[in-house]
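Counted the way the working numbering counts, the sequence shown spans residues 484 to 651.
To keep things clear, I will list the structure first and then write my remarks on it.
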Amino acid sequence: MTGEHAGGPRVVVMGVSASGKSSVGEALAQRLGVEFVDADDLHPPANVAKMAAGVPLQDEDRWPWLDAAARRLASAPAGIVLACSALKRAYRDRLRALAPDVVFVHLTGDPDLLAARSRARSGHFMPPSLLDSQWATLEALDATEAGFALDFASPVAELVKEAAGRVR
484 MTGEHAGGPR
494 VVVMGVSASG
504 KSSVGEALAQ
514 RLGVEFVDAD
524 DLHPPANVAK
534 MAAGVPLQDE
544 DRWPWLDAAA
554 RRLASAPAGI
564 VLACSALKRA
574 YRDRLRALAP
584 DVVFVHLTGD
594 PDLLAARSRA
604 RSGHFMPPSL
614 LDSQWATLEA
624 LDATEAGFAL
634 DFASPVAELV
644 KEAAGRVR
């Protein structure tokens, strides 16, 4: 289950909001010696405004954002770790269209812990009120997808160690 290509690994750290995608992704990229990109930074302003207003995104909102994320994955010859919700199989397929060798690290676990984390964080455009819509949208990885799930309750260092060992 490797995310290797001619350069380095292409990894997407996925999951619902507040699951630790950015923290784990950044630390994993550092450990693998590759670039880190947070897909939140690729959202067009209209998407950010919708989410900040508590309005869930629709697929039509997500396609241009996912295409930008896929281009970012594909344009990283030395490897990359991308933090991206990638909640539905169709979204992951969209990313794989340009980066077929990508491996998904799904951070998942107890919804109550996640809700508490979401309420505790500040300065993020995604309000805790949208968590239910994200859980409802989430489609777990299936056996045909390159990737694996890790419990976000574990410390970041443990998650990174496990993920690095499995994507190499």
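In this text, a Cβ means the ideal position worked out from N, Cα and C, and glycines have one as well.
If you draw a straight line from the alpha carbon of A629 to that of Q541, how long is it in whole angstroms? Rounded to whole angstroms, A629 to Q541 spans 25 Å at the Cα level.
DSSP beta-bridge partners for R493? According to DSSP, R493 shares a beta bridge with I563.
DSSP on V639, reduced to helix/strand/coil? In the structure shown, V639 sits in a helix (DSSP, three-state: H, G or I).
Rounded to a whole number of angstroms, what is the C-alpha to C-alpha distance between A536 and G503? Here the alpha carbons of G503 and A536 stand approximately 22 Å from one another.
If I measure Cβ to Cβ from H488 and keep anything under 7 Å in the same chain, skipping five residues before and after, which residues do I get? At H488 the pLDDT is 48, less than 50, meaning the model places this residue with poor confidence and gives no usable figure here.
Less than 7 Å between C-beta atoms, sequence neighbours within five positions excluded: which residues of the same chain meet that for H607? Residue placement at H607 is poorly supported in this model, since its pLDDT is 47, which falls under 50; the coordinates are not used for a value here.
For N530, which residues of its own chain have a beta-carbon under 7 Å away from its beta-carbon, when the five flanking residues on both sides are left out? A distance below 7 Å between beta-carbons, with the five flanking residues on each side excluded, links N530 to the following residues of its chain, in chain order: L540, D544 and W548.
Nearest to D576 (by Cα), restricted to the options A566, R555, D550 and P594: Measuring from the Cα of D576, the nearest candidate turns out to be D550.
Is the segment 563-575 close to the segment 521-529, with three or more CB pairs under 8 Å? Under the three-pair Cβ rule at 8 Å, the segment 563-575 counts as touching the segment 521-529.
Just the Cα atoms here: how many angstroms apart are L578 and R572? A straight line joining the alpha-carbon of L578 with that of R572 spans about 10 Å.
Endpoints, alpha helix (DSSP H) assigned at L570: Careful: L570 lies outside any alpha helix (DSSP H) and carries neither H nor E.
With distance defined between alpha-carbon atoms, name the residue in A623, A582, D615 and A557 nearest to H589. Of A623, A582, D615 and A557, the residue nearest in Cα terms is A623.
Below 8 Å on the Cβ atoms is my contact criterion, and I expect V643 with R514 to pass it. Report the Cβ-Cβ distance as a whole number of Å. Contact annotation, V643 with R514: C-beta distance approximately 6 Å; criterion of less than 8 Å satisfied.
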